[in-house]
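Yeah, the sequence shown ends on 290 if you go by the numbering used here, and it's all consecutive.
For every residue, glycine included, the Cβ atom is placed at its ideal position computed from N, Cα and C.
Every value quoted in this text rests on a predicted model; they were computed, and no experiment measured them.
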Amino acid sequence: MIPSRRALLTGAGASLIAAPLVAPVAAQDRNALPLALNGAWRQGGYAFGRTAPRALIFVDGDALTTASAAGLFVIGFDRDAAASVQIEALADGRSARRTLDIAPYAFPSTTVNGLPPSTVEPSDPALLARIQQEIALKTEGFASRIDADDFKSGFIWPLESYRVSSAWGAQRILNGTPARPHYGIDLAAPQGSVIRAPADGRIAFVRPDMHFEGGLTLIDHGQGLITCYLHQSRLNVEQGQRVRRGDPLGRVGMTGRATGPHLCWRMKWRDRNLDPSLMVGGRAPETLA
């Protein structure tokens, strides 16, 4: 169970890249922590923060993460995030609190036809059992929590040349059947194009033959920020391997639920789905002043 701040204390439109928000600390306010924030404050977006090293970070009253040894942290806003979010940093009896306005976003609708029926509405008992096993494997990968702030320098695109063939967050109609929103951004590219790590991290999961995702890789960038790379035709990394920005991860393919060669690029922060493209070019606050 995630503790609330109260329980802890008593027991113990466009991309909307936000300008840095820096909280000055008044000399007489000894209980205030320094806190700087920037990012994309919209549904599917994120905030990078800098505060005291190892400060506990609360989001709407729940303790969700801890700042790194350098005082850096990240939080994410899901596709259906509320209109505002409260962020609080707490360390050594001192705190800082900020409320961010989260912009709504009009997500498109996309239709995909020609998919194999077993990838849209599977019914075979053996296949359903396989899918459940793969869900358990993915859940373990998404539970990775390395103590790192590899997100701090932001992200680059994982492909050098691509066409966005499906926008992030789109409501999907698959073979005429309404499906859950698409929590990835599809980058169409020639079969075999090299996929590169967009930021430093550690490989949390890799498998070549997932039913829906095909060749799948997960990278842990620290504090529960995980990026995902689907439909690969070739995998170049191993679980537990450390990767640096620009390192080859694999090759574009059309394995799993796909009708053409492309990379589906996804991002999760804990249980929240984020648009990874919003982090391209972003950087965590470099100073507190």
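Taking 9 Å as the cut-off, the Cβ atoms of Ile-227 and Met-268 count as close. Minimum Cα-Cα distance from Ala-83 among the listed residues Ile-196, Phe-156 and Ile-103 corresponds to Ile-103. Between Ser-162 and Asp-201, the gap from beta carbon to beta carbon reaches 9 Å or more. Between the region 55-68 and the region 278-290, the count of Cβ pairs shorter than 8 Å is below three; the stretches do not touch. The alpha-carbon separation between Arg-95 and Phe-152 amounts to approximately 26 Å.
A Cβ-Cβ distance of about 6 Å is found for the pair Leu-217 and Leu-231, placing them in contact under the 8 Å criterion.
Within the same chain, Cβ atoms closer than 7 Å to the Cβ of Ala-168 are found at Pro-109 and Ile-186, the five residues on either side in sequence being excluded.
Every beta strand (DSSP E) stretch that sits fully inside the region 214-259 and reaches 3 residues is listed by chain position as 215-221, 226-233 and 249-252.
In the pairwise beta carbon analysis, the region 180-194 is classified as touching the region 251-271: at least three pairs are separated by under 8 Å. According to DSSP, residue pairing for Asp-187 in a beta bridge involves Ser-167 and Cys-265. Note on geometry: alpha-carbon atoms of Asp-248 and Gly-115 lie some 34 Å from one another.
In this structure, Leu-38 keeps its C-beta atom at 9 Å or more from the C-beta atom of Ala-53. When DSSP states are grouped into helix, strand and coil, Arg-131 belongs to the helix group. Sequence-distant Cβ neighbours of Tyr-106 in its own chain, meaning closer than 6 Å and more than five residues away, are Arg-43 and Gln-44. Taken atom to atom, the span from the alpha-carbon of Pro-199 to that of Arg-208 is near 19 Å. Looking at the DSSP output, Asn-176 bridges to nothing. In its chain, beyond the 5 residues on either side, Pro-54 and Asp-150 have a beta carbon closer than 7 Å to the beta carbon of Ala-71. Fully contained in the region 81-106 is no alpha helix (DSSP H) run of length 4 or more. Here the alpha carbon of Gly-177 sits roughly 24 Å from the alpha carbon of Arg-164. The bridge partners DSSP lists for Leu-65 come to none. Where Leu-160 is concerned, there is no enclosing beta strand (DSSP E), because DSSP gives it neither an H nor an E. The distance from the Cβ of Gln-87 to that of Asp-63 is about 10 Å, inconsistent with a contact at the 8 Å cut-off.
According to the DSSP assignment, Asn-39 belongs to the beta strand (DSSP E) that extends over 36-41.
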